[in-house]
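Notes for the one structure printed next.
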Amino acid sequence: MKPETLAIRATHYTDQNARAVTPPISLSTTFERDPDGTLSGGFIYTRTDNPNRQQLEYALAALEGGQHGFAFASGIAAITAVAQLLHAGDHIVAEDGMYNVAKFLLEEIFGPFQIQVTYVDMSDLAAVKAAIQPDTRLIWMESPTNPLLKITDIRAVTALAKQRSILTGLDNTWATPVLQQPLSLGVDIVQHSTTKYLGGHSDVLGGALIVNDDALATRLRRIQTLTGAVPSPFDCWLVSRGIKTLPLRMREHCANAQKIAEFLTTHPQVHSVHYPGLPTHPGYATNQTQMRLPGGMLSFQVYGGHAGAASVLSKVQLFTRATSLGGAESLIEHRRPVEGANSITPEDLLRVSVGLEHTDDLIADLAQALSFS
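Add 9 to the 1-based position in the sequence shown for our numbering, that's all there is to it.
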């Protein structure tokens with residue numbers, strides 16, 4: 010099925026009792042056994058499984074073209090489950106611009122367990138190859154990256170990993186399964202923060218993993234059950250509801266982002282625009298082979314350094330100054346101060362999550378904010 014159809018059908022449910030078309034929310038934490046002790050309803054305890062989570066996990070797998078989906082309480086909880094596949098002494102090669110909280114997780118929580126990490130620019134395949142060590146067990150990618158929107162040649166990296174029997178994972182949050190399906194490009198584990206585009210309304214926290222390998226799925230299911238970092242039934246219901254409109258929303262996010270990126274390239278106060286939909290982007294050609302559309306995220310750099318970026322941030326009126334992304338509203342963030350002292354993000358960079366407002370209004374807002382006094 011096409012993505013628009015799949016997003017509706019994979020989240021569709023007909024209640025066998027009331028025949029409700031919209032799925033009910035199953036808040037029960039426990040489920041009744043039959044007189045002989047069996048569980049004919051298929052559920053025992055909501056940490057282990059729940060009707061709403063089961064439906065969401067099915068939809069996530071279907072959208073990614075995968076066999077097994079796992080829903081978590083947050084995107085970082087999903088990454089934690091991946092890290093828990095590793096053992097003391099294992100080594101990870103990770104994107105140098107990976108989500109900063111994921112960096113903190115690997116260094117502060119898993120570092121004491123002797124998990125080692127080497128960060129590289131994964132748009133440079135030679136750098137990835139050089140970073141691999143005899144004890145490398147995982148290569149972790151983001152494409153596009155946060156916040157510079159660098160593009161990784163996913164096929165090339167996964168081919169390199171398979172030659173060495175190394176597990177690969179990719180954070181697909183920015184692209185979404187509507188725009189990019191990493192499993193089809195050779196990736197072993199796809200991760201999402203469902204808080205973002207999948208939920209789509211800035212009102213639910215969640216994460217997900219999708220895999221094809223049965224043995225890997227069995228291990229992840231055990232980790233999910235034993236660690237208990239699972240979403241509530243209502244959270245699952247909200248993400249499932251968001252998925253129904255995902256393909257439609259992503260088309261508008263991408264169309265708006267493309268127009269704004271093109272506007273920014275012409276503005277005299279902007280010296281760099283990072284958006285893979287621009288032919289001048291270094292990863293443009295590669296991204297054309299991986300993503301159906303270039304996404305709803307962009308970043309740009311202004312003249313004036315930190316002060317210049319702060320000035321633009323203070324003047325916007327339609328863009329909301331907030332962290333996160335993927336909602337209906339457009340957000341803008343001065344990323345370097347958020348990431349902290351060890352950030353490699355340029356101090357003059359502003360990250361934008363382009364929303365669903367009319368593009369003319371958004372461009373007008375940026376134009377007035379860029380008019381430095």
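Ideal placement from N, C-alpha and C gives every residue a C-beta, glycine not left out. Just so we're clear, the structure is a prediction, and the values are computed from it rather than from any experiment.
Inclusion of residue 304 and residue 211 in the CB contact set at 8 angstroms is not warranted, their separation being larger than that value.
Going by C-alpha positions, residue 375 is about 26 angstroms away from residue 106. For residue 267, the enclosing alpha helix (DSSP H) starts and ends at 255-274. Under DSSP, the beta-bridge partners assigned to residue 216 are 81. Rounded to whole angstroms, the separation of the alpha carbons of residue 49 and residue 202 is 33 angstroms. Residue 192 sits in a helix when the DSSP states are folded into three classes. As far as DSSP is concerned, residue 42 takes part in no beta bridge. For residue 97, the three-state secondary structure derived from DSSP is coil. According to DSSP, residue pairing for residue 129 in a beta bridge involves 104.
When only Cα atoms are considered, residue 246 and residue 381 end up about 45 angstroms apart.
In the displayed model, residue 37 falls within coil according to three-state DSSP, outside both helix and strand. Less than 8 angstroms divides the Cβ of residue 358 from the Cβ of residue 156. Its Cα nearest to that of residue 271, the residue 371 stands out among 254, 243, 65, 371.
Linking residue 167 to residue 25 through their CA atoms gives a straight-line distance of about 43 angstroms. According to the DSSP assignment, residue 134 belongs to the alpha helix (DSSP H) that extends over 134-140. Between the region 343-361 and the region 233-251 there are fewer than three inter-stretch CB-CB distances shorter than 8 angstroms, so the stretches are not counted as touching. Residue 188 is positioned such that its CB atom lies closer than 8 angstroms to that of residue 301.
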